[in-house]
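So the structure is just underneath, and the comments pick up after that.
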Amino acid sequence: MLLSRTLEEKLVSLYRGGQITGGVYIGKGQEAVSVACGLFLQKGDIFAPLIRDQAGRSAFGEPILDVARTYLGSRQGPMRGRDGNIHRGKPTDGQLAMISHLGAMVSVTVGTLMAKRFHGEKNFVGLSCIGEGGMQTGSF
């Protein structure tokens, strides 16, 4: 949690200094819940975090270097510098890129789990994080 908080504070500093384009949305005060989500999951599971879930992303195994590269728009990052810093993910590692419509990630996660099942994989779970407005979208 401390690593995540420190990382987010540095990202905010870089944003205020004009070195990050787009937005920086921090999860200050939400780290414990987010970390618990990330720690609960194992390799092979599916995680669909929101923009304020950096602590969970880190706990799930997202490398800090990937975070920095993505926020700074580097072509060496997982999004290859093409999709800003909010909608990032790495599906090959089970981390889905976020869709802006909060409740929509539930159905994407379920679809990903179904695909894994159809491919004969076993012993996996999926976790989607949604905000308080997610229930109002009619997505599920």
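Residue numbers (the numbering used here): 13 to 152.
Glycine included, every Cβ here is placed at the ideal spot set by N, Cα and C.
Computed from a prediction, not measured in an experiment: that's the story for all the values here.
Whole runs of the alpha helix (DSSP H) within the segment 37-103, excluding any shorter than 4 residues:
Counting only unbroken stretches of 4 or more residues, the alpha helix (DSSP H) elements lying wholly within the segment 37-103 are 43-52, 66-72, 76-83, in sequence order.
Whose CA, out of Ser46, Ile58, Thr82, lies closest to the CA of Gly34?
Indexing the sequence shown from 1 puts residue 34 at position 22. Just measuring C-alpha positions, the residue of Ser46, Ile58, Thr82 sitting nearest Gly34 is Thr82.
Which residues does DSSP list as the beta-bridge partners of Ser140?
The sequence position of residue 140 within the sequence shown is 128, counting from 1. DSSP, once it has assigned bridges, lists Ala60 as partnering Ser140.
State the Cα-Cα distance for the pair Phe136 and Gly115, rounded to the nearest angstrom.
As a first step, residue 136 is located in the sequence shown; it is residue number 124 there, counting from the start. As a first step, residue 115 is located in the sequence shown; it is residue number 103 there, counting from the start. Within the model, the alpha-carbon separation for Phe136 versus Gly115 is close to 21 Å.
Take the Cβ of Phe72 as the centre, count every other Cβ of all protein chains shown within 10 Å, and call the residue buried at 16 or more, exposed below.
Position 60 of the sequence shown, counting from 1, holds the residue named residue 72. In summary, Phe72 is buried, with 16 or more beta-carbon neighbours lying within 10 Å of its beta-carbon over all protein chains present.
Pairs of beta-carbons, one from the segment 56-73 and one from the segment 101-119, closer than 8 Å: are there three or more?
Yes, they touch.
Quick test of the definition: if touching needs 3 or more C-beta pairs under 8 Å, does the segment 138-149 touch the segment 121-128?
Touching, yes, given that three or more Cβ pairs across the two stretches are closer than 8 Å.
Spell out the partners DSSP gives Gln107 in its beta bridges.
Locating residue 107 in the sequence shown gives position 95, counting from the first residue. According to DSSP, Gln107 bridges with Phe59, Lys102.
Can you tell me where the alpha helix (DSSP H) with Glu133 in it begins and where it stops?
To locate residue 133, count along the sequence shown from 1; it is residue 121. From DSSP, Glu133 is part of no alpha helix (DSSP H); its letter is neither H nor E.
Look at the Cβ atom of Arg64, then the Cβ atom of Tyr37, and state whether they are nearer than 7 Å.
Here residue 64 is taken as the residue at index 52 of the sequence shown, counted from 1. Here residue 37 is taken as the residue at index 25 of the sequence shown, counted from 1. Yes, these two residues count as a Cβ contact at 7 Å.
So is Arg23 buried or exposed if we call it buried at 16+ other beta carbons inside 10 Å?
Position 11 of the sequence shown holds residue 23. The amino acid at residue 23 is misidentified as Arg; the sequence shows Leu. It counts as buried.
Just to confirm the assignment, what range does the alpha helix (DSSP H) spanning Thr2 have?
This structure cannot settle anything about residue 2, because the visible part of the chain is limited to 13 through 152.
Beta-carbon gap between Glu20 and Gln66 smaller than 7 Å:
Counted from its first residue, the sequence shown places residue 20 at position 8. Counted from its first residue, the sequence shown places residue 66 at position 54. At a Cβ-Cβ threshold of 7 Å, Glu20 and Gln66 count as neighbours.
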